[in-house]
Amino acid sequence: AKAAGRRTFIRYDDAMDVSIRQRATTAGALRKVIDRGELHLVYQPRLALATSRITGVEALLRWTSLEHGEIPPSVFIPLAEESGLILEIGEWVLREACLTLQRWRQHGLADLSIAVNMSVLQLLRGNFPDVVRRVLADTGIPPSALELELTESVLMANAVQTANKLQAFREIGVSLAIDDFGTGYSSLAYLKRLPITTIKIDKEFIGDLSRDPDDAAITSTVITMAHSLGLNVVAEGVETEAQFDFLRAKGCDEVQGFWVSAPRDAHECMSFIQHWGRARTV
Ligand code: C2E
Ligand code: CA
Ligand code: CA
Ligand code: CA
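Its first residue numbered 447, the sequence shown is counted upward by one per residue in the UniProt record's numbering.
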């Protein structure tokens, strides 16, 4: 957690929270945030357990406000959703992530894929499939190298509507992941109906694996169930060797978390992955 530790997150008292809300909820203010370059992406590697190789990264959005310092996504993503600006920000994130991947691919990381978080507004309101098609064409990233992540709560709240919308992305050829799996109310029937490719087990279950037998049971059941449906399983928030070993023993496909690497800036992440690859071939 070296990269994360270096950043000092500001504390929010109520007054600051109100002031950030007042500024950020005006569309003009958040748009300036993009223009002034206050947004950037960090990238967290995903490791395949069968090969011990890094297969891809997840792009995570950061806002370093000139006035307030670093503001966590849990604070500003909801604001961006309220104001509708998440559509614009989401498009910026997608393009930036694909441009980074394109650069890495030119530096020898040819097989790497990228996962991008998608807000429900992008799914339901925007013309996002067209945006995705355009960004892939502009950056030369093959659709198979892009995965879009949607949180479970979002998918289940609009199950019928979302199933249809999701199909448009599958037709482009991108992968689709259910994020934070286990925190909502998914049923097997729904999972079967949604055209998804990947399940990401929520870090809440992973964090308690060694202490809570229920979480261990849930995790191994989800892995078995996902595999029987032909889905790829990723565990997020893997922080310890014990969690890593448990997940490998249960046949989980990929892990993501501080045990492998905290999220890193683009250049740092590229070096990390290149070094990882070299270390593996020795
Ligand atoms: P998420 O998609 O579930 O992302 C994983 C979160 O877990 C990230 O928090 C990541 O930094 C953190 N994390 C990674 N490894 C570990 C670990 O080993 N232990 C623990 N405890 N945490 C770990 P982050 O970056 O603060 O992002 C929070 C959430 O904000 C994300 O959760 C995602 O829902 C949302 N988000 C981030 N970027 C975007 C974006 O570009 N668009 C949208 N719509 N949402 C985003
Ligand atoms: Ca995610
Ligand atoms: Ca998650
Ligand atoms: Ca628990």
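Ideal Cβ positions, reconstructed from N, Cα and C, are used throughout, including at glycine.
Worksheet item: Going by alpha carbons, who is nearest to G676 out of D658, I645, A663?
Response: I645
Worksheet item: Which word fits S707, buried or exposed, when buried means at least 16 other C-beta atoms lie within 10 angstroms of its C-beta?
Response: buried
Worksheet entry | Chain-order list of residues whose beta-carbon lies under 7 Å from that of A672 (same chain, five-residue window excluded) | I645, V679
Worksheet entry | Chain-order list of residues whose beta-carbon lies under 8 Å from that of R508 (same chain, five-residue window excluded) | L485, H486, L487, V488, E516, P519
Fill in: 7 Å Cβ shell around C698 - same chain, five flanking residues per side excluded
L495, I669, V679, A681
Discussion item. Tell me whether the stretch 684–703 and the stretch 540–558 touch, counting them as touching only if at least three CB pairs, one residue from each stretch, are closer than 8 Å.
Written reply: no
Discussion item. In the DSSP assignment, the alpha helix (DSSP H) including V620 goes from what residue to what residue?
Written reply: Taken as a continuous stretch (DSSP letters only), V620 belongs to no alpha helix (DSSP H), as it is neither H nor E.
Worksheet item: Going straight from the alpha carbon of S529 to that of R724, what length do you get?
Response: 45 Å
Worksheet item: So does V539 have its beta carbon nearer than 7 Å to some heavy atom of ligand 1?
Response: yes
Worksheet item: Helix, strand or coil for G451 per DSSP?
Response: Because G451 sits at a pLDDT of 41, beneath the cut-off of 50, its placement in the model cannot be relied upon, and the point is left open.
Discussion item. Looking at ligand 2, does it come within less than 7 Å of D576, judged from the CB to the closest heavy atom?
Written reply: no
Item to complete: May I ask you to report which of helix, strand or coil DSSP gives Q613?
Response: helix
Worksheet item: Tell me, which residues are paired with P491 by DSSP?
Response: V503
Worksheet entry | When M564, E534, G653 are compared against L693, the one with the closest alpha-carbon | G653
Worksheet item: Would you say E682 touches ligand 3, meaning its beta carbon is less than 7 Å from a heavy atom?
Response: yes
Worksheet item: In this structure, does DSSP put I642 in helix, strand or coil?
Response: coil
Fill in: Pick from R549, L567, T686, S674 that is closest to E527, judged by C-alpha positions
L567
Practice prompt. Considering only heavy atoms of ligand 2, list every residue whose Cβ is less than 6 Å from one of them, following chain order.
Written response: E504, N563, E595, D625
Practice prompt. Let me know if Q702 comes out buried or exposed under the rule of 16 or more other beta-carbons within 10 Å of its beta-carbon.
Written response: buried
Discussion item. Suppose you measure from the CA of W722 to the CA of V581; what does that come to, to the nearest Å?
Written reply: 29 Å
Fill in: Cβ-based burial, N563 [other Cβ within 10 Å; buried from 16]
buried
Fill in: Alpha-carbon to alpha-carbon, R541 and L640
26 Å
Discussion item. According to DSSP, D711 sits in a beta bridge with which residue or residues?
Written reply: V488
Item to complete: For my contact list, E593 and A623 are in at a C-beta cut-off of 8 Å; report their separation, rounded to the angstrom.
Response: 5 Å
Discussion item. Please determine whether the Cβ atom of L507 lies at a distance below 7 Å from any heavy atom of ligand 5.
Written reply: As presented, the structure is devoid of ligand 5, carrying ligand 1, ligand 2, ligand 3 and ligand 4 as its sole ligands.
Worksheet item: Once you ignore the five residues that flank E687 on each side, which residues in its own chain have a CB closer than 8 Å to its CB?
Response: W705
Worksheet item: Do you know offhand how far A449's Cα is from D660's?
Response: Reliability of the predicted coordinates at A449 is poor, the pLDDT of 43 falling under 50, and the value obtained from them is presented with this limitation in mind. Looking at the two C-alpha atoms, the distance is approximately 32 Å.
Practice prompt. Go through the stretch 647–679 residue by residue and report every complete run of the alpha helix (DSSP H) that reaches 4 residues or more, in order.
Written response: 649–653, 659–674
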